[in-house]
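Here's the structure, in C-alpha cells; my notes come after.
There are 2 protein chains.
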Amino acid sequence: MKNFEKIFSILCLSIPVAACAASAVKPNYDVQVSKYEAQKASIGAADKFTGQVLVDSNFKSDLEDGYSGAMVNFEAGARAAWHSHPRGQTLIVIEGEGRVQAKGKQAQVIKPGDVVWIPPNQVHWHGAAAEHSMSHIAIVEAEGGRATDWMQHVTDNEYAKAQ
Amino acid sequence: MKNFEKIFSILCLSIPVAACAASAVKPNYDVQVSKYEAQKASIGAADKFTGQVLVDSNFKSDLEDGYSGAMVNFEAGARAAWHSHPRGQTLIVIEGEGRVQAKGKQAQVIKPGDVVWIPPNQVHWHGAAAEHSMSHIAIVEAEGGRATDWMQHVTDNEYAKAQ
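Chains as they are written, first to last, in numbering that gives the first Met the number 0: chain E, 0 to 162; chain G, 0 to 162.
This is the structure in C-alpha cells:
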C-alpha cells in the first residue's frame with residue numbers, strides 16, 4: 000500500500016477526492032470483489048490534508064447512514080486537517096507509524112494493529128509520523144448524510160510538537 | 000499480523016471467541032487507542048472455522064446495531080464455515096491470498112487491497128488459500144443484535160475445488 004510513486008503513476012492523478020469516491024464498492028445482491036488493481040485511488044484534497052495522502056479500498060454499507068470507509072495512506076509528514084465526525088470514527092492501523100491527537104491533549108503514537116476510537120464531535124487529527132509513512136483503515140457512520148466536519152490545517156508547529 | 004506462533008504463545012490460548020470479544024474497543028468520550036500488544040486475540044471457534052484462525056484489532060461503533068468488526072487472520076488452508084449476515088458484510092483484504100465463494104457460484108481469489116461486498120443473507124464462506132495465509136478486516140452491521148448465521152463446515156472437497 001505504500002508504493003506512492005507507482006500508484007501516482009497509474010491512478011487518477013488529478014482527480015479530487017469527491018470524484019474518486021465514486022469508485023467505492025456499491026452494494027448489490029451478488030458477492031462483489033473490487034480488485035485493488037482496478038480501483039481508482041483518490042488524492043487527499045489540499046484543503047483537508049497536508050502532504051501526500053492517497054485513499055483506496057473504498058467500502059460502504061448498503062444502509063442509509065450506515066458505515067463507510069477506506070484505506071488512507073499518508074506519506075511521512077502527511078496528516079489530515081483538524082476535523083470531527085458527528086458519529087465518531089474508528090481507525091485500524093495497518094502499516095507504518097502515525098499520530099492521533101485530540102484538541103487540547105497530547106498526541107499519541109499509533110502503530111499496526113492498534114485500534115483508535117474517536118468519539119462523536121471530538122476535534123482531532125491523524126496522520127503519519129514525520130519520519131515514517133502510515134496507512135490505516137478509517138470507518139465512519141453518517142448523520143443525515145454528513146460524516147465529517149473539516150477545520151483548519153495542522154500547522155507545522157503543532158505537528159512538530161506531536162513527534 | 001501473520002506470526003501465529005508468537006501470538007498463540009502470548010495471547011488467550013484457551014479463551015473462546017465469545018470471551019475474547021470483550022476485548023473489543025468500547026467507545027467512550029475520550030480518544031481511545033487500543034494498542035495491538037495489549038489486545039487479547041481470540042481463536043476462531045472449531046464449530047465456525049476449519050484450521051487456525053486468530054481474531055484481533057476488534058472494533059465497534061457506539062450505535063445500537065451499528066458496525067462492528069476485526070482483523071481475521073487465517074493460516075493457509077483455514078476457512079470460515081458457510082454462513083450469512085442479515086445486513087451483509089464488507090471484507091478488506093490486508094495480507095496474503097484468500098478465497099471467497101457464494102453458495103452455488105465459483106470461488107473468487109482475493110488479494111491485498113481487494114474489497115469484498117457480501118449482500119444480506121447471501122450464504123458464503125471466506126478464508127485463506129491452500130498454500131497462503133490471508134488476513135482481512137471484516138465489518139458487519141447487526142439486525143436486532145444478530146450479525147451472523149452459521150451453517151455447516153466447508154468440506155475438504157468443497158475447499159479443494161476453490162483452489
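Positions of the beta carbon are idealized from the N, C-alpha and C atoms, including for glycine. Bear in mind that the values here come from a model prediction, so they are computed numbers and not experimental data.
- In this chain, the alpha helix (DSSP H) harbouring residue 158 (chain E) covers 155-160.
- If you draw a 10 Å sphere on the C-beta of residue 46 (chain G), you find fewer than 16 other C-beta atoms in it, and that means exposed.
- For residue 55 (chain G), the uninterrupted beta strand (DSSP E) run begins and ends at 52-59, by DSSP.
- Closer than 8 Å at the C-beta level to chain E, one finds these residues of the segment 120-146 of chain G: 121, 123, 136, 138, 140.
- Per DSSP, the beta-bridge partners of residue 140 (chain E) are E:66.
- Comparing C-alpha distances from residue 60 (chain E) to each of E:153, E:70, E:139 shows the shortest one belongs to E:139.
- Contacts between residue 86 (chain E) and chain G, judged by CB atoms closer than 9 Å, involve 60, 61, 62, 65 in chain order.
- In chain E, no part has a C-beta under 8 Å from the C-beta of residue 41 (chain G); the shortest such distance is about 14 Å.
- DSSP places residue 36 (chain E) in the helix class (H, G or I) of the three-state scheme.
- Counting the other CB atoms within 10 Å of its CB gives residue 151 (chain E) a total below 16, which places it among the exposed residues.
- With fewer than 16 other Cβ atoms inside 10 Å of its own Cβ, residue 154 (chain E) counts as exposed.
- In the three-state scheme derived from DSSP, where H, G and I count as helix and E and B as strand, residue 149 (chain E) is classed as strand.
- By the neighbour-count definition (other C-beta atoms within 10 Å, threshold 16), residue 79 (chain G) is a buried residue.
- Neighbourhood of residue 148 (chain E) in chain G, by CB distance below 9 Å: empty, with the nearest CB roughly 16 Å away.
- Rounded to the nearest angstrom, the gap between the Cα atoms of residue 149 (chain G) and residue 117 (chain E) is 32 Å.
- Put simply, the backbone Cα of residue 137 (chain G) is about 6 Å away from that of residue 70 (chain G).
- The beta carbon of residue 83 (chain E) sits no closer than 8 Å to any beta carbon of chain G.
- Only exposed fits residue 144 (chain E), as fewer than 16 other CB atoms lie within 10 angstroms of its CB.
- By the Cβ criterion, the segment 25-44 of chain G is in contact with the segment 103-121 of chain E, since at least three pairs of Cβ atoms, one from each stretch, lie closer than 8 Å.
- In the same chain as residue 162 (chain G), and ignoring 5 residues on each side of it, the C-beta atoms closer than 6 Å to its own belong to 129, in chain order.
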